[in-house]
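**Q** Here it is, the structure in full.
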Amino acid sequence: MKHSILNSNILQQARQKIQKIQNISFLYLSQMSAKMSLKSLQKDTINAEKVQTKLLKDILQLQKDTEYGNKYNFVKINSVEKFQELHPLTSYEDYYNLIEDIANTGNYSRLLAEPILFFQETSGTTGKAKLIPRTQRLSLTFQKSFQSVNAIITNYYCQTKSISIENNRGLALASTQPLKTTPSGIPRGTGTSGGIRQSKLFQKVVDLNFSSPATVFFIPNYKTAYYCHLLFALLEPNLTYITANFASNVLESLQILEREWTQIVDDISAGKINSELEIDSVIREELESGLKPSPEKSQKLKAEFEKGFEGIINRIWTHLSYIQCVTTGSMELYKEKLKFYAGSIPIYSGGYGASEAWIGCNLEPHRDATAYVVNPNSAFFEFIPSAEIELAQPQTIRLTSLEINESYEVVVTTVAGLYRYRMGDIVKCVGYYNRSPILEFSHRQGSLLNISGEKVSETEILEAITQSIKIWGGDRKLVDYTTNINLSFYPLRYSIYLEVSPTFETLPDLIGFQNKFEEVLYDLNVLYLNSRQADSIAIPEIKLVKTDTFIKLKSKIISQGGSETQFKMPRLLKNLELVSFLDSNCLE
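Taken in order, the sequence shown gives residues 1 to 588; the numbers are from the UniProt record's numbering.
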């Protein structure tokens, strides 16, 4: 009997050693693959124009026998110039009927030479959600770009802090919804949901890289998922990073921690998950099977939380080396707020992509202003100069011909059926990496406040709000904001909706804020100053809203079709129903 138990223990130890070797091998191969992807990207930037020309040729060759390829005579196109001559610039509306037909019938060959894995739903922030075809080839371009970002992280953050390959575990803030299907049975959902729920390697990737069990990612309520992610991350002694889609996701998770920490430390002490959280019983049972009572850990965390939440990340995760999330565009506000919790921990915005295509990687994490090197092999790129963006069919410029400090709209031709597709993203070329441009994201087309040609950007609005609050608001902080053009007032004027914390009990005098806001905008935008001096624009209207108004606004927008984890607060509201909602929540 003793020999049997001994042999059983030896066998179990052998299996554990084999499993450890397999795990380290998997991580090593993943790291090597990431390094190869980064080297490939860097090599492609040296011959960017040749890479682009070959990619376009390959795309047209691949799709030439589709109904769409026959319509535009792809077989006869033998140059970039011929392609631009025969195929117009497009928007989603040009594909709407075709995509709806494919969704209903499953006949993907009308547009594509390979099957559609799933339809990726856009965020729905700026309008009704679109369905973007995701194919194996398109998924591969995203995968290689993600790998490039991981290699940059390894070089820049992990090696400098001597983080070993097997101890590099992170808090991944993600929640997924069950995939829906189109009438023909093609899965549809957000990129996160599709990527996670369709991945054959997801379980292994999670087990080796993240602090949460895989089942946490299948909790559909994102706030509940974040709670569970935080709980398991607090039990991870060597957490080295936090990753999420957007800065707003990380910020919201830390705000949940700040509100719910007493319950979380109780859960850690008891080895259970708050019974009031709505979690599927099977998922709850699986998660709690991995917990055990940890009263000592609970007391240590409690002591840190009681000191306050400024710089809390460094105090509870002493090995954390970086936070990875998108920080550009509408996320800039949340990045600044995130620094309260993060302290000196760097926040890295690694990639720039959209549902339609991957655009670039941040190869220079040390830059003050985040910028991305365009990946010449992820899509065929064209750019519309800022002066011609309003035209229906403007001339475009090739990837290698952008002028530094000039702005452009991004146009892509992808491996998944979009041709000369106007992304609506406005970017600024700030330099070159070899022969590939380095781009700063500026704003979305249609998001500028523009009454008489002044074109005030969200960056300028945020700067004016931030400086005004410092002078006028005392210790108050900006929670969130949006804008609208008030068409019922003459001359037309901006309406600026603000939520501040702590809030006011009653509406304060806003003249001081209004005057400072104007003063800052004058310095930032001379065209705005000219328009005000010409009386073609009235002084902006400042509106303070009640506490939690923007949380409710987010819920209303998501209810119209969108994803919680992909949500971006619109900085220019055009939906009159949403404007009316804000007006009804203003302080009086």
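C-beta atoms are modelled at their ideal positions from N, C-alpha and C, and glycine is treated no differently.
(1) Pull up the distance between the alpha-carbon of threonine 224 and that of isoleucine 279, whole angstroms please.
(2) Among residues of its own chain, excluding the 5 on either side of aspartate 44, which ones have a beta-carbon nearer than 8 Å to its beta-carbon?
(3) Contact between the region 188-204 and the region 113-122: three or more CB pairs below 8 Å?
(4) Give the range of the alpha helix (DSSP H) segment to which alanine 247 is assigned.
(5) Give the DSSP bridge partners of arginine 493, in chain order.
(6) Quick one: residues in its chain with C-beta nearer than 8 Å to the C-beta of serine 109, no 5 flanking neighbours on either side, listed in chain order?
(7) Okay, do the region 421-429 and the region 399-410 touch, 3+ Cβ pairs below 8 Å being the bar?
(8) Three or more beta-carbon pairs under 8 Å between the region 485-492 and the region 535-545, yes or no?
(9) Assess, as a yes-or-no matter, whether the region 241-249 is touched by the region 551-567 under the definition of 3 or more beta carbon pairs within less than 8 Å.
(10) Cα-Cα, which of Leu544, Ala233, Ser145 and Ala387 is closest to leucine 301?
(11) State yes or no: is the C-beta of isoleucine 312 within less than 8 Å of the C-beta of glutamate 304?
(12) Any idea what DSSP makes of phenylalanine 146, helix, strand or coil?
(13) How many angstroms separate the CA atom of arginine 284 from the CA atom of threonine 154?
(14) Taking its Cβ as the centre, do 16 or more other Cβ atoms sit within 10 Å of glutamine 395, making it buried, or is it exposed?
(15) Considering only residues of the same chain and omitting the five flanking positions on each side of alanine 103, which have a CB-CB separation below 6 Å?
(16) Return the chain-ordered list of same chain residues with a C-beta closer than 8 Å to the C-beta of threonine 328, the five sequence neighbours on each side being excluded.
(17) Going by the DSSP bridge assignment, what does threonine 243 pair with across the sheet?
(18) Specify, as a first and last residue, the run of the alpha helix (DSSP H) that phenylalanine 305 falls within.
(19) Quick check on this structure: which residue in Gln147, Thr176, Glu458 and Tyr95 has the alpha carbon closest to the alpha carbon of alanine 34?
(20) What residues match up with lysine 470 in a beta bridge as DSSP calls it?
(21) Look at the alpha carbon of proline 236 and the alpha carbon of glutamate 364, and state the distance between them as a whole number of angstroms.
(22) Check the DSSP bridge columns for valine 456 and list the partner residues they point to.
(23) Could you give the distance in angstroms between the alpha-carbon of isoleucine 316 and the alpha-carbon of valine 456?
(24) Which whole-angstrom value is the C-beta distance of threonine 483 and leucine 573, which I expect to be below 8 Å?
(25) Name, in chain order, the residues that DSSP records as bridge partners for phenylalanine 385.
(26) Does the beta-carbon distance from histidine 87 to leucine 173 come in below 8 Å?
(27) Under the assumption that leucine 507 contacts valine 545 (Cβ atoms under 8 Å), give the Cβ distance between them as a whole number of angstroms.
(28) Take every Cβ of the region 197-208, pair it with every Cβ of the region 260-275, and state whether three or more of those distances are shorter than 8 Å.
(29) Find out if the Cβ-Cβ distance for the pair phenylalanine 383, valine 412 is shorter than 8 Å.
(30) Count the other C-beta atoms from every protein chain shown that fall within 10 angstroms of the C-beta of threonine 125, then say buried if there are 16 or more, exposed otherwise.
(31) With DSSP as the reference, label glutamate 577 as helix, strand or coil.
(32) Measure from the alpha carbon of lysine 82 to the alpha carbon of each residue in Asp101, Leu62, Leu98 and Leu56, then state which is nearest.
(33) Return helix, strand or coil for threonine 215, following the three-state DSSP convention.
(34) Run through DSSP, which three-state label would valine 427 get?
**A** So, to answer that:
(1) Distance between the alpha carbons of threonine 224 and isoleucine 279 is about 8 Å.
(2) Val51, Asn375, Pro376, Asn377 and Ser436
(3) yes
(4) 247-270
(5) Asn486
(6) Cβ neighbours of serine 109 beyond the five flanking positions: Thr66 and Glu67.
(7) yes
(8) yes
(9) yes
(10) Closest by alpha carbon: Ala233.
(11) yes
(12) In the structure shown, phenylalanine 146 sits in a helix (DSSP, three-state: H, G or I).
(13) 34 Å
(14) Burial check for glutamine 395: the Cβ neighbour count within 10 Å stays below 16, so the residue is exposed.
(15) Thr182
(16) Ser349, Tyr352, Thr370, Glu440 and Phe441, listed in sequence order.
(17) Bridge pairing for threonine 243: Ala172 and Gln324 [DSSP].
(18) 295-305
(19) If we check each option's Cα against that of alanine 34, Gln147 comes out closest.
(20) For lysine 470, which the question treats as bridged, DSSP gives no partner whatsoever.
(21) Before going further, note that residue 236 is glutamate rather than proline in the sequence given. The straight-line gap from Cα to Cα measures roughly 29 Å.
(22) Leu449
(23) 41 Å
(24) 7 Å
(25) As written in the sequence, residue 385 is proline, which differs from the phenylalanine given in the question. According to DSSP, which records beta bridges pairwise, proline 385 is partnered with Tyr408.
(26) no
(27) Not really, about 11 Å apart at Cβ, beyond 8 Å.
(28) Fewer than three pairs of CB atoms, one per stretch, sit closer than 8 Å, so the region 197-208 makes no contact with the region 260-275.
(29) no
(30) Model confidence at threonine 125 stands at a pLDDT of 49, short of 50, so the residue's coordinates are unreliable; what they give is reported in the following sentence. Buried, by the Cβ-count rule.
(31) Three-state DSSP puts glutamate 577 in a helix.
(32) Leu56
(33) helix
(34) strand
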